[in-house]
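Trainee: Per the UniProt record's numbering, residue 1 is the first one in the sequence shown, and the count goes up by one each step. For every residue, glycine included, the Cβ atom is placed at its ideal position computed from N, Cα and C.
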Amino acid sequence: MTYGELDIITIGRSSIDLYSQQIGCRLEDTSSFNKAVGGCPANIAIGTARLGLKSGVITRVGNDHFGHFIIEQMQREGVDTKGIYQDPERLTALAILGIRDSEQFPLLFYRTDCADAALSEDNIHDDFIKRAKAIVVTGTHFSKENSAKAQRKAMKLIHAHGGKVVIDIDYRPNLWGVASIGDGEARYVRSKEVTEKLLSIIPECDLIVGTEEELHIASGHEDTIEAIQHIRKIAPKATIVCKRGPIGCVVFDGNIPQSLDQGIKGKGFKVTVCNTLGAGDAFMSGFLRGWLKNEPIDVCCTYANACGAFAVSRLLCSPEYPTFVELTHFLDQNSHNHSIQHDQTLTHLHQATTRPTQATPIMALACDHRLQLEEMVDEYGVSRDKISEFKILTIKAAALVAKGRPGFGTFMDGRYGQEALFLASHENLWISRPIEYPGSRPLDFDGKGSLGAQLLSWPAQHTVKCLCFYHPDDPIELKNKQLRELERAYDACQRLQRELLIEIIAGKNGPLDSQTIATALQQLYDAGLKPAWWKLEPQQDQAAWKSINNVIKQNDPLCRGVVVLGLDAPLETITQAFQAAAQIPYVKGFAVGRTIFGEPARQWFTKQINDDEAIQKMADTFQQLVDAWLKAAQ
């Protein structure tokens, strides 16, 4: 392990944050919540990772479902989790937040004997600390003797290796026991004991960050300039950052002037406020991005102010923090006086750059067919209840070929395939689910009710699929109706942070040449649609695929890509189609259905074959397609 392998290690709190989904009501009246990783150090670890720093975290979580989620989410974010310890005796901490209005955010901490509060010196190891250029300690974790000793040990070790200590004063009066247990919203309560403890820490810190009130409690002075001057006396070489809420921040890296306005500043940003909780952690993430990259202090301030603006403009904490792609795009804009929450470009950039890693190629056995299977069983006089049983067999066939390997998946509906979806999840298959009413043109949605309410009940990991029979030469009235429904689906997926796959079939409703699908995609991009995935019918030659690839690259280079559908074509035809598609950069795999399951379904519904035979027949055909794709992609 080498010094500087990590930019930053954060130490202390990690929790599950539950945020009210209802905006503008009392916490007593909240009926549903969003879940996210929370806690100051955990937020900063994620925030810095999103900004391109190599971050790690030292904390404790319960050996429970929430603790597992924190570890898994940290890993998805690229945070080094070697310093996360699972406590076998304590539960993961909880924080519950409401949004009463633009200034009141009722907050409850459930931290009685929680896992992270049990952090101890035993959790601090030299071989991990020495990998970092700097560590972040937090004021809250100096409130208990065991966690205070842990942080002091980490400070001593990092300095021994030539690294820096950053302190986020992070003053929560009720977590220090100087405010009532239910008053999580309290920001400042005088306490001589808290001041004395913080004053013993400050001299050992290289970067000191706090709000005006936090600098007051850390220094024992109620006037901000006097507070900063006192901190300078005991920490003569430290950089001191004073956070000032909506007007930004001011930084002092030398002598302290007589006015706050004489400190170093960066650009400020006026934005619409949604939720202020976690803004300080986003601010710290932005400042550290600049500070650890040796950027000028005013640039560090600008990064910090912008990241804070992102945080207050959105509902959650760490899930809403910007990536460096978002941040640089925002800073390149001419105007910042707007609502980030409703900026469609930033929303797309955020979702596209925070997507979890997806193994490709996607090789999927599609069985989201409803209309076709209904027609089949009706023809044979078989109960439609048998469709659900058959769909389970398709998942077993896909799993037989996948053998637990990533990149394999299924397209499956919930109308007949709910049990099959459960099985697909257990088999770790990539899952895409349809929302369209089968065969509808103009597009309509299955279930007829609220699309948003429907998607809210789906696992977030399921990709939303919407099939639209769309031809670029359709009459304008039909085209507008279809676009309106696609826009509804796109909006619902953006709001609920679901990935959308749009399937376009044009060949059934007009001529199909080398430019047809590319033209259709350009029209959808022009309407503002930027799905994570496309699912497209096979093209006759590479020229058509190259045109499609160019349209995607020009309009949304962050698109996950295209999967090729089968349209019940013979196996040999699909194999030939793979030859034209597999070498195209944005074509990432295939999703074939009836070519695989069509004949086995007929035989199974008419009792010519049993379950095992149906599974094997489908697996054999699926394997042939997998082999053909992999060969064509070489």
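With H, G and I counted as helix, E and B as strand and the rest as coil, what does DSSP make of ARG60?
Mentor: strand
Trainee: Helix, strand or coil: how does DSSP classify GLY589 here?
Mentor: strand
Trainee: Going by alpha carbons, who is nearest to ASP253 out of ILE247, GLY245, ILE231 and LYS530?
Mentor: ILE231
Trainee: Along the chain, where does the alpha helix (DSSP H) that runs through THR81 open and close?
Mentor: Per DSSP, THR81 belongs to no alpha helix (DSSP H); it is in the beta strand (DSSP E), 80-87.
Trainee: Measuring CB atoms only, is the region 562-569 touching the region 603-617, in the sense that at least three cross pairs come out at less than 8 angstroms?
Mentor: no
Trainee: Rounded to a whole number of angstroms, what is the C-alpha to C-alpha distance between ALA132 and LYS448?
Mentor: 54 angstroms
Trainee: Which class does SER55 belong to by DSSP, given the choice of helix, strand or coil?
Mentor: Shown here, SER55 sits in a strand according to DSSP, grouped into three states.
Trainee: Anyone know if the C-beta pair for PRO319 and PHE330 falls short of 9 angstroms?
Mentor: no
Trainee: Kindly identify the DSSP beta-bridge partner or partners of CYS466.
Mentor: ILE502
Trainee: Using the DSSP secondary-structure output, state which residues sit across from ALA93 in a beta bridge.
Mentor: SER15
Trainee: With a threshold of 6 angstroms on Cβ separation, who are the neighbours of HIS221 within its own chain once the five nearest residues in sequence on each side are excluded?
Mentor: ALA227 and HIS230.
Trainee: Round the Cβ separation of ARG441 and HIS462 to the nearest angstrom and send it over; I've been treating them as touching at under 8 angstroms.
Mentor: About 25 angstroms separates the two Cβ atoms, so there is no contact after all.
Trainee: Enumerate in chain order the residues of its own chain whose CB-to-CB distance from ALA352 is below 6 angstroms, with the five nearest sequence positions on each side excluded.
Mentor: LEU558
Trainee: Whole angstroms is fine: what's the gap from ILE169's alpha carbon to LYS82's?
Mentor: 25 angstroms
Trainee: Taking only three categories from DSSP, how would you classify ILE584?
Mentor: coil
Trainee: Could you tell me which uninterrupted beta strand (DSSP E) segments, each at least 3 residues in length, are contained entirely in the region 154-227, listed from first to last along the chain?
Mentor: Annotation: the region 154-227 contains the following complete segments of the beta strand (DSSP E) (minimum length 3 residues), in chain order: 164-168 and 207-211.
Trainee: Since PHE422 is in the beta strand (DSSP E), which residue starts that stretch and which ends it?
Mentor: Looking at the DSSP string, PHE422 is not in any beta strand (DSSP E); the run it does join, the alpha helix (DSSP H), is 418-426.
Trainee: Mind reading off the beta-carbon distance from ALA235 to ILE202? Whole number of angstroms is fine, and I expect it under 8 angstroms.
Mentor: 5 angstroms
Trainee: Where does ILE124 sit, in a helix, a strand or coil, going by DSSP?
Mentor: coil
Trainee: Return the chain-ordered ranges of every beta strand (DSSP E) run that is complete within the region 502-570 and spans a minimum of 3 residues.
Mentor: 533-536 and 561-565
Trainee: For GLU436, which residues does DSSP report across the bridge?
Mentor: Partner(s): PHE445.
Trainee: Tell me, please, which residues DSSP counts as bridged to CYS367.
Mentor: DSSP lists MET412 as partners of CYS367.
Trainee: Quick one: using the 10 Å Cβ neighbour count with 16 as the cut-off for buried, is LYS617 buried or exposed?
Mentor: With 16 or more other CB atoms across the displayed protein chains lying within 10 angstroms of its CB, LYS617 is buried.
Trainee: Counting beta carbon pairs with one atom in the region 123-137 and one in the region 92-111, are three or more of them shorter than 8 angstroms?
Mentor: no
Trainee: For SER32, count neighbouring C-beta atoms within 10 Å of its own C-beta (all shown protein chains included) and say buried if the count is 16 or more, exposed if not.
Mentor: exposed
Trainee: Can you tell me the Cα-Cα spacing of HIS342 and ASN275, whole angstroms?
Mentor: 14 angstroms
Trainee: Do you know how far the Cα of ASN174 is from the Cα of TYR586?
Mentor: When rounded, the distance between both Cα atoms is 52 angstroms.
Trainee: On the criterion of 16 or more Cβ atoms from any shown chain inside 10 Å, does GLN554 qualify as buried, or is it exposed?
Mentor: By the neighbour-count rule (16 or more Cβ atoms within 10 Å), GLN554 is not buried but exposed.
Trainee: Output the distance between the C-alpha atoms of TYR437 and MET412, rounded to the nearest integer angstrom.
Mentor: The straight-line gap from Cα to Cα measures roughly 14 angstroms.
Trainee: Compare the C-alpha of ARG594 against each of ILE574, GLY280 and ILE517 and name the closest.
Mentor: ILE574
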